[in-house]
Amino acid sequence: MNDSVFVDSNIFLYAFSKIDENSKNKELEKQVIASKIILEKINISTQVINEVSNNMLRKLKFSNTEVREFVESCYARYEIVNFSEELFIVASEVREKYNISYYDSLIVSAGLKSNATVLYSEDMHNGLVVNDCLTIINPF
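Structure representation (structure tokens):
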């Protein structure tokens, strides 16, 4: 990847999902793509860590130890954007300008703060360019 990349929580969830042999090829394809993305040098926020950790416990049935190892791995591998007053203000401006949901605007704002040029997310407006510098891309 040549661009600075910010990753939404859904990318991690695809990478961590348990795919059995009866799963559709599309799900396996998404897992392969997501797994490659999270092995790169990427940026995430504390919100991403929080959302992924919660889903690992509730939906994916990971143990608390596995979640703790995930958190430790995130801080060792990735650039982490922490929330600040500025991030919340920028998120508010993004919501107004682009009609993005509350939590998605926080992700976008964190992506902007990390100086990312690409935000990978399955759930947002694919192809949307925010503030002429951050492009939302659905990698699937």
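Counting from 271, one number per residue, gives the positions in the sequence shown under my numbering. Ideal Cβ placement from N, Cα and C applies to all residues, glycine included.
- With DSSP run on the structure shown, which of helix, strand or coil describes Y348? Here DSSP, grouped into helix, strand and coil, assigns Y348 to coil.
- Query: Is L330 helix, strand or coil when you go by DSSP?
  - Reply: Coil at L330, not helix or strand.
- Message: Could you give the first and the last residue of the continuous beta strand (DSSP E) run that contains N313?
- Response: N313 to S315
- Task: Compute the Euclidean distance between the alpha carbons of K331 and I312, then round it to the nearest angstrom.
- Result: 25 Å
- Item | Option nearest F282 by Cα separation, candidates G397, V322, I359 and V378 | V322
- Based on the DSSP secondary-structure assignment, which residues constitute the bridge partners of V399? T405
- Message: Here's the rule I'm using: 16 or more other beta-carbon atoms within 10 Å means buried, otherwise exposed. How should L382 be labelled?
- Response: buried
- Message: According to DSSP, simplified to helix, strand and coil, what is L382?
- Response: helix
- Item | Counted within 10 angstroms of its Cβ, other Cβ atoms place C403 as buried (16 or more) or exposed | exposed
- Item | Local conformation of L389 per DSSP, three classes | Secondary structure of L389 (DSSP, three-state): strand.
- Query: Helix, strand or coil: how does DSSP classify F282 here?
  - Reply: helix
- What did DSSP end up calling F276 once you bin it into helix, strand or coil? strand
- Item | Sub-8 Å separation of V318 and S362 beta-carbons | no
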